[in-house]
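Protein chains in written order, with my numbering: chain D, 579 to 874; chain V, 579 to 874. Note that the Cβ used here is the ideal one computed from N, Cα and C, for glycine as well. Note that the structure is a prediction, hence the values are computed from the model and not measured.
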């Protein structure tokens with residue numbers, strides 16, 4: 579299959595749905611809506627929504643049926659970037675080649691735009707139509723799963739430890755704690771929620787979850803490597819920031835060759851986990867390889 | 579009925595449930611859990627959870643069955659206070675007589691504690707047991723309703739307009755926009771979600787929603803009045819802050835006597851709306867009066 583074409587097509591589907599779910603609006607609160615849309619339409623790869631759709635398809639469900647949840651995952655990802663970039667956190671001026679939210683809208687509106695995106699994500703999930711293989715029970719389960727992955731047991735927990743360990747010597751166990759939560763948890767939840775809404779049986783959901791854990795880890799390791807070796811112009815943001823800040827990363831803890839090897843192993847594990855599926859899982863297979871080959 | 583005793587009893591039920599839902603935990607992310615708990619157990623009145631429980635009871639349901647949603651409302655309220663107090667927002671040092679979150683934990687952890695509380699609120703709602711009068715459909719509906727009330731169409735929207743109108747001349751329409759969203763929306767959602775989960779029929783849910791709108795407005799007006807006339811020691815925070823910041827308030831737009839009258843009218847409207855109920859609605863009736871008589 580042509581992965582580039584696949585990703586382009588799915589990305590267009592997601593962008594169209596996001597536009598419909600979060601349109602421009604007349605309101606005294608127009609600035610927060612503008613700020614939410616500014617970051618949401620700043621050129622993201624839509625990896626999490628695409629993983630959700632591909633997970634649903636692999637489990638035998640309908641991609642279109644999971645669009646509210648797929649888009650909600652992108653809202654959550656976007657909120658986390660806005661809050662991450664704030665001066666009290668990573669203090670970044672650029673994201674995807676554009677000024678960060680607080681640079682454009684000020685810190686108060688950027689903070690509230692993040693809060694608005696996070697809240698709207700759950701509202702949007704609740705608007706999923708319970709038709710076909712999508713049951714009300716599955717919608718509730720997925721909302722819990724995503725809440726878990728994004729919250730203090732997941733992304734928020736990883737984030738706080740990441741910030742607190744800046745400039746300290748970090749053990750391999752702690753860097754794994756940070757990475758599985760900060761990035762891995764939401765990536766895993768994306769593909770798992772697709773599988774659940776797609777009506778996958780417990781074995782299928784477990785296999786897809788194991789796949790998600792593998793690519794989630796590989797994604798974060800490759801992010802760390804790109805921060806060292808990547809090209810600033812291609813990535814649309816500064817590189818070398820992790821090293822400057824003394825961030826806990828796989829290369830800093832394990833060295834670059836070992837980190838590369840660990841990313842490859844994680845992808846192999848992901849591919850192994852989804853062996854039980856026929857060619858419906860081909861998009862997931864190609865995405866796994868893309869994750870460690872990407873340049874941004 | 580003895581409202582003081584009723585509120586004390588219900589508050590104890592809520593506090594016990596909150597303790598069970600968000601216990602202390604061993605984790606590298608322990609600081610964010612500490613910060614979440616610090617603000618959650620800082621002496622809140624638990625008004626929103628109690629309204630949710632009273633709404634369920636009035637509609638014929640079980641108070642205990644709605645506890646996850648009731649507690650989630652307190653998590654959302656608490657998150658909004660933490661973010662509100664941050665230096666980029668209202669920059670408050672004291673809340674309920676204690677140093678605010680960022681004063682104790684620093685701005686980064688306070689920001690993440692707010693994010694963690696908001697996210698955990700939705701995870702907790704998804705853990706509501708669908709038994710008795712509580713259906714999966716009702717749980718999903720309530721999560722959407724609360725997401726709407728807390729998000730950019732509700733609380734976040736009111737917050738952004740509130741911040742942006744500081745020091746400007748504000749029309750009566752705009753102060754109403756701010757107040758109905760910033761405070762009113764979540765109060766209304768609290769009592770309505772109880773009514774829905776309690777199995778109320780559409781007329782009952784509509785009556786309880788109208789009640790919520792009335793007391794939500796009265797609550798915010800009385801908050802504005804307390805900021806002018808309240809006693810700093812009783813309230814556990816500074817007073818006069820609204821005036822200093824040039825905030826849009828009912829007294830500043832309408833004058834104090836007219837604002838008082840509007841709060842009374844809003845309470846009368848709330849009481850009128852729930853006339854269809856027998857004495858099961860007595861707690862709601864007493865709470866409506868308490869809202870404009872309270873000293874903090």
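Quick one: which chain D residues come within Cβ less than 7 Å of residue i?
i	result
residue 611 (chain V)	730
residue 606 (chain V)	739, 752 and 755
Determine which residues share a DSSP beta bridge with residue i and list them.
i	result
residue 676 (chain D)	D:673
Could you give the C-beta distance for residue i and residue j, rounded to a whole number, given that I count them as a contact under 8 Å?
i	j	result
residue 759 (chain V)	residue 732 (chain V)	5 Å
residue 869 (chain V)	residue 834 (chain V)	Between residue 834 (chain V) and residue 869 (chain V) the Cβ distance is about 17 Å, and since that is not below 8 Å, they are no contact.
residue 652 (chain D)	residue 622 (chain D)	7 Å
residue 793 (chain V)	residue 848 (chain V)	5 Å
residue 719 (chain D)	residue 786 (chain D)	Not confirmed; about 14 Å, so no contact.
residue 701 (chain D)	residue 725 (chain V)	3 Å
residue 601 (chain V)	residue 739 (chain D)	19 Å between Cβ atoms; not a contact.
residue 616 (chain D)	residue 687 (chain D)	Contact doesn't hold; Cβ gap of about 10 Å is too wide.
residue 851 (chain D)	residue 789 (chain D)	5 Å
residue 647 (chain V)	residue 750 (chain V)	So it is not a contact: roughly 34 Å between Cβ atoms.
residue 665 (chain V)	residue 655 (chain V)	Not really, about 21 Å apart at Cβ, beyond 8 Å.
residue 771 (chain D)	residue 649 (chain D)	That pair is no contact at about 12 Å.
residue 829 (chain D)	residue 802 (chain D)	5 Å
residue 584 (chain D)	residue 611 (chain V)	Incorrect: roughly 41 Å between the Cβ atoms, too far for contact.
residue 776 (chain V)	residue 633 (chain V)	7 Å
residue 581 (chain D)	residue 864 (chain D)	4 Å
residue 618 (chain D)	residue 737 (chain V)	Their Cβ separation, rounded to whole angstroms, is 19 Å, which puts residue 618 (chain D) and residue 737 (chain V) out of contact at 8 Å.
residue 859 (chain V)	residue 636 (chain V)	5 Å
residue 716 (chain D)	residue 676 (chain D)	Their Cβ separation, rounded to whole angstroms, is 37 Å, which puts residue 716 (chain D) and residue 676 (chain D) out of contact at 8 Å.
residue 873 (chain D)	residue 808 (chain D)	7 Å
In chain V, what lies closer than 7 Å to residue i by C-beta?
i	result
residue 602 (chain D)	Those do not exist, as residue 602 (chain D) stays about 12 Å from chain V at its closest Cβ, beyond 7 Å.
residue 722 (chain D)	701, 704 and 705
Give the residues of chain V in contact with residue i, contact being defined as C-beta atoms less than 8 Å apart.
i	result
residue 846 (chain D)	The premise fails here: residue 846 (chain D) is roughly 28 Å from chain V at the closest Cβ pair, so nothing lies under 8 Å.
Can you list the residues of chain D that residue i reaches, using a CB-CB cut of under 9 Å?
i	result
residue 735 (chain V)	605, 606, 607, 610, 611, 690 and 694
residue 614 (chain V)	730
residue 586 (chain V)	The premise fails here: residue 586 (chain V) is roughly 30 Å from chain D at the closest Cβ pair, so nothing lies under 9 Å.
Which residues of chain D have a Cβ atom closer than 8 Å to the Cβ of residue i, listed in chain order?
i	result
residue 840 (chain V)	In chain order: nothing, as chain D lies at least about 20 Å away.
residue 726 (chain V)	701
residue 524 (chain V)	Not covered by the structure: residue 524 (chain V). The range shown for chain V is 579 to 874.
Could you tell me whether the Cβ of residue i comes closer than 8 Å to any Cβ of chain B?
i	result
residue 818 (chain D)	In the structure shown, chain B does not exist; the protein chains are D and V.
Within 9 Å of chain V by C-beta, residues of the segment 688-706 of chain D in sequence order
Listed by position, the residues of the segment 688-706 of chain D near chain V (Cβ gap below 9 Å) are 688, 689, 690, 691, 692, 693, 694, 695, 696, 697, 698, 699, 700, 701, 702, 703, 704, 705 and 706.
Touch check for the segment 775-785 of chain V and the segment 654-673 of chain V: three-plus C-beta pairs under 8 Å?
no
If you pair each beta-carbon of the segment 736-755 of chain D with each one of the segment 670-683 of chain D, do three or more pairs fall below 8 Å?
Inter-segment contact for the segment 736-755 of chain D and the segment 670-683 of chain D is absent: fewer than three beta-carbon pairs are separated by less than 8 Å.
Members of the segment 673-688 of chain D that neighbour chain V once the beta carbon cut-off is set at 9 Å:
Here the close residues are 680, 684, 685, 686, 687 and 688.
Tell me whether the segment 621-637 of chain D and the segment 689-703 of chain D touch, counting them as touching only if at least three CB pairs, one residue from each stretch, are closer than 8 Å.
no
Would you check if there are 3 or more beta carbon pairs closer than 8 Å linking the segment 757-771 of chain D to the segment 792-808 of chain D?
yes
Closer than 7 Å, Cβ to Cβ, to anything on chain V: give me those residues from the segment 706-718 of chain D, in chain order.
714, 715, 717 and 718
Is the segment 629-642 of chain V close to the segment 705-720 of chain V, with three or more CB pairs under 8 Å?
yes
Contact list for the segment 645-665 of chain V against chain D, Cβ threshold 9 Å
Contacts with chain D (Cβ-Cβ distance below 9 Å) from the segment 645-665 of chain V involve 654, 657, 658, 661, 664 and 665, listed in chain order.
Contacting positions in the segment 821-837 of chain D - beta carbon closer than 7 Å to chain V:
The residues in question: there are none.
Against chain D, which members of the segment 773-797 of chain V pass a CB distance test of less than 7 Å?
none
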